[in-house]
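No gaps in the numbering here: position 82 of the sequence shown is 82 in UniProt numbering, and each next residue is one more. Glycine included, each C-beta is placed from N, C-alpha and C at the ideal position. For clarity, every value in this text was computed on a predicted model and none was experimentally measured.
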Amino acid sequence: MEQIFDNRKLNVSVRTVRWGEGILFFAKDVAESLGYADPKKAVQTHDRKQNKTTVEDLKIGGESPPICKGHPKRVLLYEPGLYQLVCSSRLPIAEAFQDWVFGEVLPSIRKTGSYKLPEREPLCGKQMMLTNETDLHYSVVKYMREYHPEVLVVPGLGEYQETSSKRCDAWKKGYRGGQPDLIIMTPSNGLTNSSNTFLSKP
């Protein structure tokens, strides 16, 4: 069964699937989480053939694994392939990602068959949980959309929205097109003026 694991602190998301006694990782998710500019090329370059497979290659008796039936060329990583991709990344997130996957996700899956997200402290009143800058950005845009629908939010699309997951993330942040800064515009005496600018890190 396919499962998706989120780490809001690291702002990463990875899908996995149990296959026999092992665990397979969606290569694209892992590469994107590790910050590779070209996920497909990263998997081709850093993972040896025996450490990865595709949905098509896993067919047994004419049946595909219970995932991505419409994507037979989807690349999946065995655990050694995951290690290779992590160890090849020189970005700061690689070490934290490795600690999370190998220290929490894998042991939990092997022990219980699933990964349970840490329980959060109960919120009071209008409190909200903000784990990272992305949570803050989501909350600002959501608040403006819900309580001030008359306000025109004009944020930029950003420069690196080349994947569906990044485009979804951009939409949650209010991105449409243009410059990468979030600018909230309000009508004033028939004119449109810039009231606030929230700068996002490059």
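- Shown here, Gly-103 sits in a helix according to DSSP, grouped into three states.
- Secondary-structure assignment with DSSP links Asn-7 through a beta bridge to Val-12.
- In this structure, the CA atom of Tyr-36 is about 11 Å from the CA atom of Ile-93.
- For Lys-28, the uninterrupted alpha helix (DSSP H) segment begins and ends at 27-33.
- As the crow flies, the alpha-carbon of Thr-53 is around 13 Å from that of Lys-40.
- Secondary structure note for Leu-85: its alpha helix (DSSP H) is the uninterrupted segment 79-88.
- The beta carbon of Asn-7 is closer than 6 Å to those of Trp-100 in its chain, skipping five residues each way along the sequence.
- A direct Cα-Cα distance of roughly 7 Å separates Phe-25 from Leu-82.
- Taking a C-beta distance under 8 Å as the contact criterion, Leu-91 and Leu-34 qualify as a contact pair.
- According to the DSSP assignment, Lys-40 belongs to no beta strand (DSSP E) but to the alpha helix (DSSP H) extending over 39-46.
- Annotated as proximal: Val-30 and Leu-85, with beta-carbon spacing under 8 Å.
- Here Leu-152 carries a strand assignment [DSSP, helix/strand/coil].
- For Lys-142 and Lys-73, the gap between their C-alpha atoms comes out near 36 Å.
- Between Lys-172 and Tyr-138, the gap from beta carbon to beta carbon is short of 8 Å.
- DSSP lists Val-75 as the bridge partner or partners of Thr-54.
- In terms of Cβ geometry, Ser-13 and Ile-4 form a close pair [threshold 8 Å].
- Rounded to whole angstroms, the gap between the alpha carbons of Gly-103 and Pro-149 is 43 Å.
- Between the alpha carbons of Met-144 and Ala-170 lies a gap of roughly 16 Å.
- For the pair Leu-77 and Trp-19, the CB atoms are not nearer than the 8 Å cut-off.
- By the Cβ-count criterion, Lys-49 is exposed, with fewer than 16 other Cβ atoms from all chains shown falling within 10 Å of its own Cβ.
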